[in-house]
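Here is the structure we will look at.
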Amino acid sequence: MDDTAIEVRLGKPADAKGILDCLLLTLSEHTWFDRDENESGITNPDVLGIKISQFKLGEKAYIVAVDQDKVVGFILLVRGGLHSVRHTCDLGMSLLPEYREKGIGSRLLQAAIDWTRQHGMDKIYCSTFNTNHRAVRLYEKFGFEREGVRRKQYKIAGEYVDQILFGKLLNA
Ligand SMILES: CC(C)(COP(=O)(O)OP(=O)(O)OC[C@H]1O[C@@H](n2cnc3c(N)ncnc32)[C@H](O)[C@@H]1OP(=O)(O)O)[C@@H](O)C(=O)NCCC(=O)NCCS
917 MDDTAIEVRL
927 GKPADAKGIL
937 DCLLLTLSEH
947 TWFDRDENES
957 GITNPDVLGI
967 KISQFKLGEK
977 AYIVAVDQDK
987 VVGFILLVRG
997 GLHSVRHTCD
1007 LGMSLLPEYR
1017 EKGIGSRLLQ
1027 AAIDWTRQHG
1037 MDKIYCSTFN
1047 TNHRAVRLYE
1057 KFGFEREGVR
1067 RKQYKIAGEY
1077 VDQILFGKLL
1087 NA
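If you read the sequence shown in our numbering, its first letter stands for residue 917, the second for the next number, and so on.
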């Protein structure tokens, strides 16, 4: 696959089914996230499409990676809602298995950081399992710092894993 053929852009309501397919497939791996495909909270692409169409500018966004017309990965960005956390943005990301380790996650993350800066936030944050070496490498490569560790926070496939909290200050 030629990585340059992958487009990275803001998600649209029409991307909802692709985003959902990608999310559910990733959750069904039972490896990377704190929930499985039955706990995603949203399963209907029409409902997700409506939600995306209602996103307020600079409050929430999907950034998607698209191969031809197919969504192959995404980042969800959510600005803090309370006054005390309006300067922060939470991120979660996921790529289809065959599109991993080709630099697409890096392109998505750069676009996410750009979006967060453009909309005036000062901090972007996320978390991952200590066992997710690829995600840890990706976040550290982009200057995210380890802000804490919650020991044995999750039990995944019968094994305890730690949750590593990552944050990046954008105007420091
Ligand atoms: C995590 C994820 C989003 C990263 O996206 P990606 O496109 O695979 O990442 P990239 O290819 O841009 O970068 C991955 C980096 O990890 C490195 N890497 C890969 N395997 C690794 C390993 N086992 N140990 C350490 N580093 C590793 C790569 O070399 C690359 O670093 P480099 O750019 O310095 O060479 C993607 O792999 C994914 O969707 N994984 C499953 C879902 C998931 O884990 N989501 C995040 C949950 S917090």
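Each residue gets a CB set at the ideal place from its N, CA and C atoms; glycine is no exception.
Any heavy atom of ligand 1 closer than 8 Å to the Cβ of residue i?
i, result
"C1042", "yes"
"R1023", "yes"
"Y1070", "no"
"S956", "no"
"L1011", "yes"
"I979", "no"
"N1048", "yes"
"I1020", "yes"
"L1054", "yes"
Cβ of residue i less than 9 Å from any chain B Cβ?
i, result
"G989", "The chain labelled as chain B is not found in the depicted structure, where only one protein chain is given."
Given a cut-off of 9 Å, decide if residue j and residue i are closer than it, judged by their beta-carbon atoms.
i, j, result
"V987", "C938", "yes"
"G1032", "C1005", "According to the sequence shown, residue 1032 is Thr rather than Gly. Yes, the Cβ-Cβ distance between T1032 and C1005 is below 9 Å."
"D1030", "H1003", "no"
"K1068", "Y1076", "yes"
"L973", "E955", "no"
"I1040", "G1083", "yes"
"A981", "I922", "yes"
"R1050", "R1023", "no"
Where does residue i land, buried or exposed, given buried means 16+ other C-beta within 10 angstroms?
i, result
"T959", "exposed"
"L1025", "buried"
"K928", "exposed"
"D931", "buried"
"T1044", "buried"
"G1019", "exposed"
At least 3 beta-carbon pairs within less than 8 Å: the region 993 to 1005 vs the region 952 to 967: no
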